[in-house]
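A short worksheet on the structure shown next.
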Amino acid sequence: MKNNKVIITMLVLLLVITLAGAGAFIYIWKFTGDEKDKEPSIEEILESSVEMEEITTNLASDNFIRISFTIQTDSKKAKEELEKRDFQVKNIIIQELSEKTTEDLKGKKGQIQLENDLKDKINELMQEGKVVQVYIVNSLLQ
């Protein structure tokens, strides 16, 4: 009789622990995962973005380009770091463009490739966050 009470008590405790664990798992899964998957609002994007002044430089094909960018970071701290690294970012942009020809930069595919190349290179510099997206906001290819 005593053994049955101990077994029943252990089963009830095991059931309670299992239900509590399942409830905690469901709560964490439903309510904490949404914040990370949520896209930032336009206000959040603007707060963490840096506008680069227009750059005019030569291309590898003896043409030149006048171009400007807006660079979106993942946080305000990353934005502050990027603003301090302005001269390094300009250097990266000029170096990347000096390797490109007019054919490399023509069309949507070429512009997207340039944005991705710049994002990767700038992220190598960053210590306080990362670059999420590089946007070409003005471009004149001659």
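The sequence shown begins at 7 in the working numbering and counts up by one. For every residue, glycine included, the Cβ atom is placed at its ideal position computed from N, Cα and C.
* To do: Just confirm the distance between the C-beta atoms of E102 and D123, as a whole number of angstroms; I'd bet it's less than 8 Å.
  => Here the question's residue 102 lines up with position 96 in the sequence shown. Here the question's residue 123 lines up with position 117 in the sequence shown. Contact between E102 and D123 is confirmed by a C-beta separation of about 6 Å, below the 8 Å threshold.
* Asked: Between L65 and T76, what straight-line distance do the alpha-carbon atoms span, to the nearest angstrom?
  -> Position 59 of the sequence shown holds residue 65. Position 70 of the sequence shown holds residue 76. Taken atom to atom, the span from the alpha-carbon of L65 to that of T76 is near 21 Å.
* Beta carbon of S81 nearer than 8 Å to that of S54 -> The sequence position of residue 81 within the sequence shown is 75, counting from 1. The sequence position of residue 54 within the sequence shown is 48, counting from 1. In this structure, S54 lies closer than 8 Å to S81 by Cβ.
* **Sequence ranges, beta strand (DSSP E) only - wholly within the region 39–78, length at least 3** => Runs of beta strand (DSSP E) with 3 or more residues, each lying fully within the region 39–78, are found at 55–57, 61–64, listed in chain order.
* To do: Report yes if the C-beta distance between L147 and I51 is below 8 Å; otherwise report no.
  => Here the question's residue 147 lines up with position 141 in the sequence shown. Here the question's residue 51 lines up with position 45 in the sequence shown. Contact: no.
* Test item: CB-CB of T79 and V140 under 8 Å -> As a working note, residue 79 is residue 73 in the sequence shown. As a working note, residue 140 is residue 134 in the sequence shown. Judged by beta-carbon spacing, V140 lies beyond the 8 Å limit of T79, meaning their Cβ atoms are not closer than that value.
* For the beta strand (DSSP E) holding Q139, just list the boundary residues, first then last. => Position 133 of the sequence shown holds residue 139. Q139: member of the beta strand (DSSP E) spanning 137–147, first to last residue.
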